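This note's numbering runs 936 ahead of the 1-based position in the sequence shown.
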Amino acid sequence: MTGEQQTVDATVPVEPDPDALLSVRGLRITVPSGAAAVEDVSFDVHPGETLGVVGESGCGKTLTMLSVMRLLPPGTAIADGSILLGGEDVARMPEKQLRRLRGSKVAMIYQDPMTSLNPLMRIGDQIAEGLRAHGWSRSDARDKAIEVLGEVGIPKPQRAARAFPHEFSGGMRQRAVIACALVLDPELLIADEPTTALDPTIQQQVIDLVVQLQRDRGMAVVWVTHDLGIIARLVSRMLVMYAGRVAEAGPTREVFRRPSHPYTSGLVGALPSPGGGREDLIQMPGAPPQPGQHPAGCPFRPRCPQAVERCATDLPPLLDRGREQGAACWVPPEDWSA
Ligand SMILES: Nc1ncnc2c1ncn2[C@@H]1O[C@H](COP(=O)(O)OP(=O)(O)OP(=O)(O)O)[C@@H](O)[C@H]1O
Ligand code: SF4
Ligand SMILES: [Mg+2]
937 MTGEQQTVDA TVPVEPDPDA LLSVRGLRIT VPSGAAAVED VSFDVHPGET LGVVGESGCG
997 KTLTMLSVMR LLPPGTAIAD GSILLGGEDV ARMPEKQLRR LRGSKVAMIY QDPMTSLNPL
1057 MRIGDQIAEG LRAHGWSRSD ARDKAIEVLG EVGIPKPQRA ARAFPHEFSG GMRQRAVIAC
1117 ALVLDPELLI ADEPTTALDP TIQQQVIDLV VQLQRDRGMA VVWVTHDLGI IARLVSRMLV
1177 MYAGRVAEAG PTREVFRRPS HPYTSGLVGA LPSPGGGRED LIQMPGAPPQ PGQHPAGCPF
1237 RPRCPQAVER CATDLPPLLD RGREQGAACW VPPEDWSA
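Spelled out as structure tokens, the structure:
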């Protein structure tokens, strides 16, 4: 990379942050074609903190989060970078050690709640299974499963534990998924679009539940979402991803007040007034590039209203924009044309 004014974002130092619960550096994930779907992604999550991750479909949010669980789909792989969870590098960990961390250190609510429950297994047994894998006795695991079903607001938890997933409504199923994720009291919960399949009232209930559980347990939460309203209301810091890279990162308030990447500016500028319904990501003209088909220079250039000559040749790193904000853009907001 070229450029004298290059100062890599001060909020993401090159070395992993020893105080962070999760410290990801230079993450690169490849898909079966060998192309990178995630490239040079770095971020930190501190204990108890709430981080939001946004970006258009296909920008690499789910792959990034699955790599933290080391549960990437077949054919995709971590090709570079480190993923320090409580100081240990998940990217290089043997499977046996990973099983110890999953559930107890980090848990994830997956994008598709229907596939995360086994249709042939009673709800209580599914929750107890996680505990049994961590050495709990059968009866203690059963009692704990019932307790956590109550905690996530499922009525008559004793009876619910004996039910099969198809006997539950969508909202109740998602509560059961949350119970599975939280039964081992993880320090970090990754919520990957946990509400998109649900109707709006139920969505809000599930969000409220996670917020309440976070408050009760003091765990850190990463919200992956298309819903900028969730980001604005719930998260203190946010990461905006574009084409597998971090386009912008910073405190939510600053990013909304003064977006420093033209992509973020488009997203935030399109936020309808509060109370105007679901504040989804807007549809910007054009489409993001597929993995392996990125143009030279900045990946956002074909859609960017602010592009300058340099953008066609030089890939911008995450540059420090002050106020703990960083943006992967050569042109600072004060130089943008209206
Ligand atoms: N199993 C896979 N095999 C091949 N390519 C994949 C696989 N999973 C993801 N990809 C590709 O990697 C890129 C990132 O996918 P990812 O699922 O992380 O996106 P996302 O940001 O979570 O999108 P969405 O908002 O739709 O959930 C996409 O281009 C996708 O096509
Ligand atoms: S680097 Fe250039 S093309 Fe990329 S976002 Fe900034 S102005 Fe647009
Ligand atoms: Mg996804």
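C-beta: ideal position from N, C-alpha, C; glycine also. Computed from a predicted model, the values in this text were never measured in an experiment.
Going by DSSP, proline 1187 is part of the beta strand (DSSP E) stretching over 1181-1187. In the displayed model, tyrosine 1046 falls within coil according to three-state DSSP, outside both helix and strand. For methionine 1220, no beta strand (DSSP E) segment is defined, and its DSSP state is neither H nor E. Excluding sequence positions up to five before and after proline 968, its CB lies within less than 6 Å of the CB of Gly1011, all in the same chain and listed in chain order. Across the structure, methionine 1005 and proline 1224 are spaced so that their CA atoms are roughly 26 Å apart. Put simply, the residues with a CB less than 5 Å from any heavy atom of ligand 2 are Pro1198, Cys1234, Phe1236, Arg1237, Cys1240, Gln1242, Ala1243, Cys1247, Pro1252, Cys1265, Trp1266, Val1267, in chain order. Just so you know, the alpha carbons of serine 1196 and proline 1091 end up roughly 46 Å apart.
For isoleucine 1090, no beta strand (DSSP E) encloses it, and the DSSP letter there is neither H nor E. Glycine 1186 has its alpha-carbon roughly 19 Å from the corresponding atom of valine 974. For glutamate 992, the secondary structure class from DSSP, reduced to helix, strand or coil, is coil. The closest heavy atom of ligand 3 lies 7 Å or more from the beta carbon of aspartate 1271. Excluding five sequence positions before and after valine 1171, the CB atoms of its chain that fall closer than 7 Å to its own CB belong to Thr986, Leu987, Gly988, Trp1159, Thr1188, given in chain order.
Of all alpha-carbon atoms in Gly1258, Ala1264, Thr1200, the one lying nearest the alpha-carbon of aspartate 1250 is that of Ala1264. Here valine 977 is buried, its C-beta having at least 16 other C-beta atoms within 10 Å. Here the alpha carbon of methionine 1177 sits roughly 10 Å from the alpha carbon of threonine 1000. Within the region 1129-1178, the complete beta strand (DSSP E) segments of 3 residues or longer fall at 1156-1160, 1173-1178, listed in chain order. If you check the CB distance, leucine 1145 and valine 990 do not come in under 8 Å.
Contact between arginine 1035 and alanine 1069 holds: CB atoms are separated by about 7 Å, below the 8 Å threshold.
Here the region 1043-1063 makes contact with the region 1125-1134; the two share three or more CB pairs at distances below 8 Å.
Beta bridge pairing from DSSP links serine 1018 with Arg961. In the three-state DSSP reduction, arginine 1111 falls in the helix class (H, G or I).
Judged by beta-carbon spacing, alanine 1156 lies beyond the 8 Å limit of leucine 1021, meaning their Cβ atoms are not closer than that value. Relative to ligand 3, threonine 998 has its C-beta within less than 7 Å of a heavy atom.
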